[in-house]
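Colleague: Everything in the sequence shown is counted per the working numbering, starting at 4 for the first residue and increasing by one. Note that beta-carbon positions come from the ideal geometry of N, C-alpha and C, so glycine has one too. As the structure is a prediction and not an experimental result, all values here were calculated from the model. Sharing a structure here in structure tokens format.
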Amino acid sequence: MKVGLFIPCYVDQFYPQIGIASLELLQKFGCEVSFPMDQTCCGQPMANSGYSHLTTGCDTNFVNNFSEFDYVVCPSGSCTMHVKEHLHSKENEAAATHIRKHVYELTEFLTDILKVESIEGSFPHRVGMHQSCHGQRGLHLSQMTELNAAPFSKPEQLLSKIKGLDLVSLSRKDECCGFGGTFCVTEEAISVKMGVDRIKDHKDHQVEYITGGDMSCLMHLEGILKRQKSNIKVIHIAEILNSI
4 MKVGLFIPCY VDQFYPQIGI ASLELLQKFG CEVSFPMDQT CCGQPMANSG YSHLTTGCDT
64 NFVNNFSEFD YVVCPSGSCT MHVKEHLHSK ENEAAATHIR KHVYELTEFL TDILKVESIE
124 GSFPHRVGMH QSCHGQRGLH LSQMTELNAA PFSKPEQLLS KIKGLDLVSL SRKDECCGFG
184 GTFCVTEEAI SVKMGVDRIK DHKDHQVEYI TGGDMSCLMH LEGILKRQKS NIKVIHIAEI
244 LNSI
């Protein structure tokens with residue numbers, strides 16, 4: 004199984020350890036993983052800001068980099084959803100269609116495609132799970148609490164297999180952290196207030212770490228935690244699942 008590892012810009016620039024953890028994790032489960040060196044931004048920031056017409060170059064480059072793989076895997080729900088919903092190519096629409104149908108967020112790929120039943124890992128800490136909006140409401144990685152439906156969570160399903168990890172049950176499991184991409188720039192005050200509220204839920208449950216599948220959301224929360232001089236740390240789920 005040939006897997007193309009798609010790493011978001013902010014992860015590549017600020018949190019490269021997440022890309023490394025994702026690579027090592029996929030390799031542990033027998034995937035032949037490659038990281039196309041010419042990959043760049045998928046175009047999500049422009050599209051979300053109303054400038055989707057400026058993403059043509061990003062789309063073309065993405066197709067050129069990832070068309071040869073059986074699957075494309077990304078440690079980010081928001082970037083995965085953008086590619087799944089918006090990737091097109093005038094030069095090679097067949098390749099773009101193949102990618103859209105075979106791009107997966109990391110935990111989604113582990114549960115739905117690799118059917119992971121056990122993980123050799125240890126993380127003896129009290130952890131709160133932040134489920135990002137794109138992952139939950141766009142990719143359906145977990146159930147929305149307002150629905151009268153059976154609860155499920157693919158990330159929590161994987162975390163439950165890690166030795167020593169104490170996963171808390173938050174009061175508001177699917178509340179937005181306020182990051183929202185460019186929303187945190189255009190509506191800074193609202194964004195920060197939402198982040199403070201989200202952190203309070205974790206603080207009330209006395210977590211040591213906040214984890215999630217989108218480092219963009221965690222980066223937003225991390226900034227608030229640092230300004231509060233809190234001892235709570237953030238960690239991407241790939242780093243926990245790749246722990247020894």
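#1: Within the segment 161 to 210, note down every full alpha helix (DSSP H) run reaching 4 residues or more, in order along the chain.
#2: What does the Cβ neighbour count give for M40, buried or exposed, with the cut at 16 atoms within 10 Å?
#3: Is the segment 56 to 69 touching the segment 81 to 96 in the sense that three or more CB pairs, one from each, lie closer than 8 angstroms?
#4: Alpha carbon to alpha carbon, how far is S145 from F72? Give it in angstroms, no decimals.
#5: Please give me, in chain order, every unbroken run of the beta strand (DSSP E) with length at least 3 that falls completely inside the segment 97 to 130.
#6: Would you mind sorting L29 into buried or exposed? The rule is 16 or more other CB atoms within 10 Å of its CB.
#7: Would you kindly work out how many angstroms separate the C-alpha atoms of I213 and C34, rounded to a whole number?
#8: Within 8 angstroms, do at least three Cβ pairs link the segment 147 to 159 to the segment 92 to 100?
#9: Since L173 and G198 are thought to touch, with beta carbons under 8 angstroms apart, how far apart are those beta carbons, to the nearest angstrom?
#10: My assumption, with CB atoms under 8 angstroms, is that G22 sits in contact with V75. Please give the rounded CB distance.
Modeller: Based on what the coordinates show:
#1: 186 to 189 and 191 to 207
#2: As a working note, residue 40 is residue 37 in the sequence shown. Exposed, since its Cβ has fewer than 16 Cβ neighbours within 10 Å.
#3: yes
#4: As a first step, residue 72 must be located in the sequence shown, where it is residue number 69. As a first step, residue 145 must be located in the sequence shown, where it is residue number 142. In a straight line, the C-alpha of F72 is about 27 angstroms away from that of S145.
#5: 106 to 108
#6: Locating residue 29 in the sequence shown gives position 26, where the first residue counts as 1. With 16 or more other Cβ atoms within 10 Å, it is buried.
#7: Residue mapping note: residue 213 aligns to position 210 of the sequence shown, counting from 1. Residue mapping note: residue 34 aligns to position 31 of the sequence shown, counting from 1. C-alpha separation (whole angstroms): 28 angstroms.
#8: no
#9: Within the sequence shown, numbered from 1, the residue matching residue 173 stands at position 170. Within the sequence shown, numbered from 1, the residue matching residue 198 stands at position 195. Wrong, their Cβ atoms sit about 15 angstroms apart, outside the cutoff.
#10: Indexing the sequence shown from 1 puts residue 22 at position 19. Indexing the sequence shown from 1 puts residue 75 at position 72. The Cβ separation is near 14 angstroms, so there is no contact.
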